[in-house]
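Asker: 1 is the number of the first residue of the sequence shown in this note's numbering; add one for each residue after it.
Each residue gets a CB set at the ideal place from its N, CA and C atoms; glycine is no exception.
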Amino acid sequence: MSTLTTHPGSFIAGAEHRNAGDPLEVVNPADGRAFTEVATATEADVNAAVEAAADAQKAWSELAVSKRGEILGRAANHVEEHIEELIPLLTREQGKTLRDSKIEITKAVDTLLHYVGLSKSLRGVHTPNLDPGVDGMVLRRPLGVVGAIVPWNFPTTLLCNKLAPALVAGNTVVAKPAATTPLTTLRFAELLAEGGLPEGVFNVVTGKGSVAGEALVSHPLTRKIAFTGSTPVGERIMAQCAHGIKRVTLELGGSDPMIICDDADLAAAASAASMGRFYNCGQACLATKRLYVLDQVADDVIAAVAAKAAKLQVGIGSAPGSQIGPLHSERQRETFERQVAESVAGGGEVLAGGGRPDDPALANGWFYSPTVVLEPPKDSPMAREEVFGPALPIWRVKDLDEAIELANDTPFGLGSAVWTGDLQSAERLAAELDCGYTWINSPTKVYDELPFGGLKASGYGKEHGSEALDYYTDTKSVVVKRAL
Ligand code: NDP
Numbered sequence: 001m002s003t004l005t006t007h008p009g010s011f012i013a014g015a016e017h018r019n020a021g022d023p024l025e026v027v028n029p030a031d032g033r034a035f036t037e038v039a040t041a042t043e044a045d046v047n048a049a050v051e052a053a054a055d056a057q058k059a060w061s062e063l064a065v066s067k068r069g070e071i072l073g074r075a076a077n078h079v080e081e082h083i084e085e086l087i088p089l090l091t092r093e094q095g096k097t098l099r100d101s102k103i104e105i106t107k108a109v110d111t112l113l114h115y116v117g118l119s120k121s122l123r124g125v126h127t128p129n130l131d132p133g134v135d136g137m138v139l140r141r142p143l144g145v146v147g148a149i150v151p152w153n154f155p156t157t158l159l160c161n162k163l164a165p166a167l168v169a170g171n172t173v174v175a176k177p178a179a180t181t182p183l184t185t186l187r188f189a190e191l192l193a194e195g196g197l198p199e200g201v202f203n204v205v206t207g208k209g210s211v212a213g214e215a216l217v218s219h220p221l222t223r224k225i226a227f228t229g230s231t232p233v234g235e236r237i238m239a240q241c242a243h244g245i246k247r248v249t250l251e252l253g254g255s256d257p258m259i260i261c262d263d264a265d266l267a268a269a270a271s272a273a274s275m276g277r278f279y280n281c282g283q284a285c286l287a288t289k290r291l292y293v294l295d296q297v298a299d300d301v302i303a304a305v306a307a308k309a310a311k312l313q314v315g316i317g318s319a320p321g322s323q324i325g326p327l328h329s330e331r332q333r334e335t336f337e338r339q340v341a342e343s344v345a346g347g348g349e350v351l352a353g354g355g356r357p358d359d360p361a362l363a364n365g366w367f368y369s370p371t372v373v374l375e376p377p378k379d380s381p382m383a384r385e386e387v388f389g390p391a392l393p394i395w396r397v398k399d400l401d402e403a404i405e406l407a408n409d410t411p412f413g414l415g416s417a418v419w420t421g422d423l424q425s426a427e428r429l430a431a432e433l434d435c436g437y438t439w440i441n442s443p444t445k446v447y448d449e450l451p452f453g454g455l456k457a458s459g460y461g462k463e464h465g466s467e468a469l470d471y472y473t474d475t476k477s478v479v480v481k482r483a484l
């Protein structure tokens, strides 16, 4: 019999709700040990959450948009006041370093506040005199209840990317965090409620995607699903949303290329490649997952990137000085190790890392040393699949044509990065790389001001920017004849 305390598991209509499903353990990725367990949501629990969100939606949508912004702003400030409590909780269940937890949660709150600002400009359109004496109006209408399905790599930012535009636009939300990272999301919801978010406006159900996620997607009252996660699950959700003609946004996998040209600031480029690949232990959709370097400067860049990888301090997320924590789960590490091993067996040369760290203090966690692999085969997992862990493959290329061809030779199309001192090369690369975001001479950071979302197998729809609001509203055209 388990000696762990069991968390009731959901947060519905402003209060804890005890799920009826079996409890699932929450494991600390740094030591592989369960430290609590959380009751999982059944279909009935999900129904209760969706109904609470539906009950709250009318009153929430009838508030002036500036009032919704004001309420959300106060609630977000309350979360910010408790950030020191959230940081270790996120590190414990996710594995990332305390520094990265702080960056993540700060960014999540910033995103809420960004949309509070946008709430002041959310309006429709009025077109006078479509015909003599006839005016046209385009009204924005919320969709209703939004289901937000969130993965474990950035539990709070990926939540707030959905929550902020959805709430400002007048929807209510039921979120399902990953089964392995429920705790920060539950506490986040409590804090928003304590900060004044009305009951039912934001609800959380925890548990497995195969039960709670499916129930949320298929519930007749959810009018939109906003999903971040793997491409196969995204495809499945999109197909399910066809039933009921539900709206969907899908922020899926990526295999982002970086191209370093011979005229680039090589030191800055090598730092960006290292940061872009190893941040969050390589578990980010927009991580730099493939590096192409022009031949003329390849030796210098390869040496610099390998040296940076070798210097990174792998350690328990809560220990001072750790720069890279563990992978999130045993399953993630197994998948990742298979991808690296097959790529190396196919001919890739390991220049840094290449295995688990030998520090005995890390033996029970899901750690892996930052790894650099030179020239793995172009059909290997490191070239073809999304690699969600700390390993960077590097290829030499002879010119920009080859770099562009290889960079685009992927099923994914999320982001790309380019380092060059030449404006024409920069413009050409920005135009020809098939993806939703290109960083030029700039670290791969997502800005709330700009829309973010992928092409091809990387997804559909946009998060961030004022564009995200379009994905949480419908328009309605109204024609008014003024003169009777
Ligand atoms: P998943 O796509 O399986 O999980 C993401 C979220 O979807 C979780 O909350 C999950 O719940 C939920 N989910 C799973 N199945 C369903 C379903 N049938 N209906 C509704 N919701 C569902 O990703 P994984 O966590 O399994 O990661 C696998 C791989 O996906 C990674 O290695 C990585 O390559 C990629 N990935 C990419 C991310 C990105 O940011 N682009 C984020 C996460 C993963 P639960 O976990 O509780 O089962």
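Where R384 and A426 are concerned, what is the direct C-alpha to C-alpha distance, given to the nearest angstrom?
Answerer: Looking up residue 384 in the sequence shown gives position 384. Looking up residue 426 in the sequence shown gives position 426. Cα to Cα, the separation comes out at about 25 Å.
Asker: Pick helix, strand or coil for L506, following the three-state DSSP scheme.
Answerer: Outside the displayed range of the chain (1 to 484) lies residue 506, so it cannot be described from this structure.
Asker: Can you check which of these residues, E432, R141, L159, L163, is closest to L122 by C-alpha distance?
Answerer: In the sequence shown, counting from the first residue as 1, residue 122 sits at position 122. Of E432, R141, L159, L163, the residue nearest in Cα terms is R141.
Asker: Taking the runs of the alpha helix (DSSP H) that are 4 residues or longer, which of them lie wholly in the region 330-384?
Answerer: Taking only runs of at least 4 residues, the alpha helix (DSSP H) segments lying wholly in the region 330-384 are 330-345, 381-384.
Asker: Compare the beta carbon distance of A30 and I316 with 8 Å and say whether it is the shorter of the two.
Answerer: Counted from its first residue, the sequence shown places residue 30 at position 30. Counted from its first residue, the sequence shown places residue 316 at position 316. Cβ distance < 8 Å, so A30 and I316 count as in contact.
Asker: Rounded to whole angstroms, what's the CA-CA distance from L118 to D448? Just pull it up for me.
Answerer: Reading the sequence shown from its first residue, position 118 is the one you call residue 118. Reading the sequence shown from its first residue, position 448 is the one you call residue 448. Roughly 11 Å separates the two Cα atoms.
Asker: CA-CA distance, A272 and I237?
Answerer: For this step, residue 272 is matched to residue 272 along the sequence shown. For this step, residue 237 is matched to residue 237 along the sequence shown. Distance between the alpha carbons of A272 and I237 is about 34 Å.
Asker: Below 7 Å, is the gap between the Cβ of Q332 and the nearest heavy atom of ligand 1?
Answerer: Translated into the one-based positions of the sequence shown, residue 332 becomes position 332. Yes, since a heavy atom of ligand 1 falls inside the 7 Å radius drawn around the Cβ of Q332.
Asker: For A306, which residues from the same chain have a beta carbon less than 6 Å from its beta carbon, with the 5 sequence-adjacent residues on both sides left out?
Answerer: If you number the sequence shown from 1, residue 306 lands on position 306. Cβ within range, chain order: L351, A352, V372.
Asker: For L167, collect the residues of the same chain with a Cβ closer than 6 Å to its Cβ; drop the 5 residues on either side in sequence, then sort them by chain order.
Answerer: One-based indexing of the sequence shown puts residue 167 at position 167. Closer than 6 Å at Cβ, skipping near neighbours: L72.
Asker: D131 bridges to which residues according to DSSP?
Answerer: The count along the sequence shown starts at 1 and reaches residue 131 at position 131. Partner(s): V134.
Asker: G389 to K398, Cα distance in whole Å?
Answerer: Within the sequence shown, the letter at position 389 stands for residue 389. Within the sequence shown, the letter at position 398 stands for residue 398. Taking the straight line from one Cα to the other gives about 28 Å.
Asker: Start and end of the alpha helix (DSSP H) containing G117?
Answerer: Position 117 of the sequence shown holds residue 117. Residues 98-118.
Asker: Within the present structure, is the beta-carbon of A513 separated from the nearest heavy atom of ligand 1 by less than 7 Å?
Answerer: Residue 513 lies beyond the range of the chain shown here (1 to 484); nothing can be said about it.
Asker: Among the candidates E25, G21, L4, whose CA atom is the shortest distance from the CA of S329?
Answerer: One-based indexing of the sequence shown puts residue 329 at position 329. For S329, the nearest C-alpha among the options comes from E25.
Asker: Do you know how far the Cα of Y368 is from the Cα of E342?
Answerer: On the sequence shown, residue 342 is found 342 positions in, with the first residue counted as 1. On the sequence shown, residue 368 is found 368 positions in, with the first residue counted as 1. About 16 Å.
Asker: Please list the terminal residues of the continuous alpha helix (DSSP H) segment that includes F35.
Answerer: Working through the sequence shown from its first residue, we reach residue 35 at position 35. It is not in any alpha helix (DSSP H) - F35 instead sits in the beta strand (DSSP E) that spans 33-39.
Asker: With distance defined between alpha-carbon atoms, name the residue in R92, R99, T222, A226 nearest to L163.
Answerer: For the purposes of this step, residue 163 is identified with residue 163 of the sequence shown, where counting begins at 1. Among R92, R99, T222, A226, the Cα nearest to that of L163 is on A226.
Asker: Compute the minimum distance between the beta carbon of K176 and the heavy atoms of ligand 1, and state whether it is under 7 Å.
Answerer: Looking up residue 176 in the sequence shown gives position 176. Because some heavy atom of ligand 1 lies under 7 Å away, the Cβ of K176 counts as near it: yes.
Asker: Terminal residues of the continuous alpha helix (DSSP H) containing R247?
Answerer: Taking the sequence shown and counting its residues from 1, the one referred to as residue 247 is at position 247. Premise fails: R247 lies in the beta strand (DSSP E), 247-251, not in any alpha helix (DSSP H).
Asker: Say yes only if the C-beta of V150 is nearer than 7 Å to one or more non-hydrogen atoms of ligand 1, and no if none qualify.
Answerer: If you number the sequence shown from 1, residue 150 lands on position 150. Checking every heavy atom of ligand 1 against the Cβ of V150, one is found closer than 7 Å.
Asker: Rounded to the nearest angstrom, what separates A391 and A64 at their Cα positions?
Answerer: Residue 391 sits at position 391 when you count from the first residue of the sequence shown. Residue 64 sits at position 64 when you count from the first residue of the sequence shown. Cα to Cα, A391 sits roughly 49 Å from A64.
Asker: What is the DSSP secondary structure of E386, reduced to helix, strand or coil?
Answerer: On the sequence shown, position 386 is the one that residue 386 refers to. Residue state, collapsed to three classes: coil.
Asker: With C435 and L450 assumed to form a contact (beta carbons below 8 Å), what rounded beta-carbon distance in angstroms separates them?
Answerer: Taking the sequence shown and counting its residues from 1, the one referred to as residue 435 is at position 435. Taking the sequence shown and counting its residues from 1, the one referred to as residue 450 is at position 450. No, C435 and L450 are not in contact; Cβ-Cβ is about 13 Å, not under 8 Å.
Asker: Thinking C-alpha only, which one of A215, A193, P128, K224 is nearest P165?
Answerer: The residue labelled residue 165 in the question sits at position 165 within the sequence shown. Residue K224 is the option with its Cα nearest to P165.
Asker: Decide yes or no for the touch test of the region 183-190 against the region 253-269: beta carbon pairs closer than 8 Å, at least 3 of them.
Answerer: Verdict: no, contact absent.
Asker: Indicate the three-state DSSP secondary structure (helix, strand or coil) for I71 in the structure shown.
Answerer: On the sequence shown, residue 71 is found 71 positions in, with the first residue counted as 1. In the structure shown, I71 sits in a helix (DSSP, three-state: H, G or I).
Asker: Buried or exposed: which applies to Q339, given that a residue is buried once 16 or more other Cβ atoms fall within 10 Å of its Cβ?
Answerer: One-based indexing of the sequence shown puts residue 339 at position 339. The residue is buried, with at least 16 neighbouring Cβ atoms inside 10 Å.
Asker: Alpha carbons only, please: which of L250, P220, L197, E194 is nearest the one belonging to G244?
Answerer: The sequence position of residue 244 within the sequence shown is 244, counting from 1. With distances taken between Cα atoms, G244 lies closest to P220.
Asker: Would you say the beta carbon of V27 is closer than 7 Å to some non-hydrogen atom of ligand 1?
Answerer: Indexing the sequence shown from 1 puts residue 27 at position 27. The answer is no for V27.
Asker: Select from K462, L362, I440 the residue whose C-alpha is nearest the C-alpha of T249.
Answerer: Start at 1 with the first residue of the sequence shown, and residue 249 comes out as number 249. Per the Cα distances, K462.
Asker: I'd like to confirm something about R384: is its beta-carbon nearer than 7 Å to some heavy atom of ligand 1, or not?
Answerer: Here the question's residue 384 lines up with position 384 in the sequence shown. Incorrect: R384 has no Cβ contact closer than 7 Å to ligand 1.
Asker: How close, in whole Å, do the beta carbons of G196 and A53 come, if the pair is a contact with beta carbons under 8 Å?
Answerer: By one-based count along the sequence shown, residue 196 stands at place 196. By one-based count along the sequence shown, residue 53 stands at place 53. With a Cβ gap of about 17 Å, G196 and A53 do not count as contacting.
Asker: Of the residues D422, D295, G347, I87, which one's Cα is nearest the Cα of E402?
Answerer: For this step, residue 402 is matched to residue 402 along the sequence shown. Of the listed residues, the one whose Cα sits closest to E402 is D295.
Asker: Give me the DSSP bridge partner(s) of F227.
Answerer: Within the sequence shown, residue 227 is the residue found at index 227, counting from 1. For F227, which the question treats as bridged, DSSP gives the partners I149, L250.
Asker: E93 to V27, Cα distance in whole Å?
Answerer: Translated into the one-based positions of the sequence shown, residue 93 becomes position 93. Translated into the one-based positions of the sequence shown, residue 27 becomes position 27. Spanning the two alpha carbons is a distance of roughly 6 Å.
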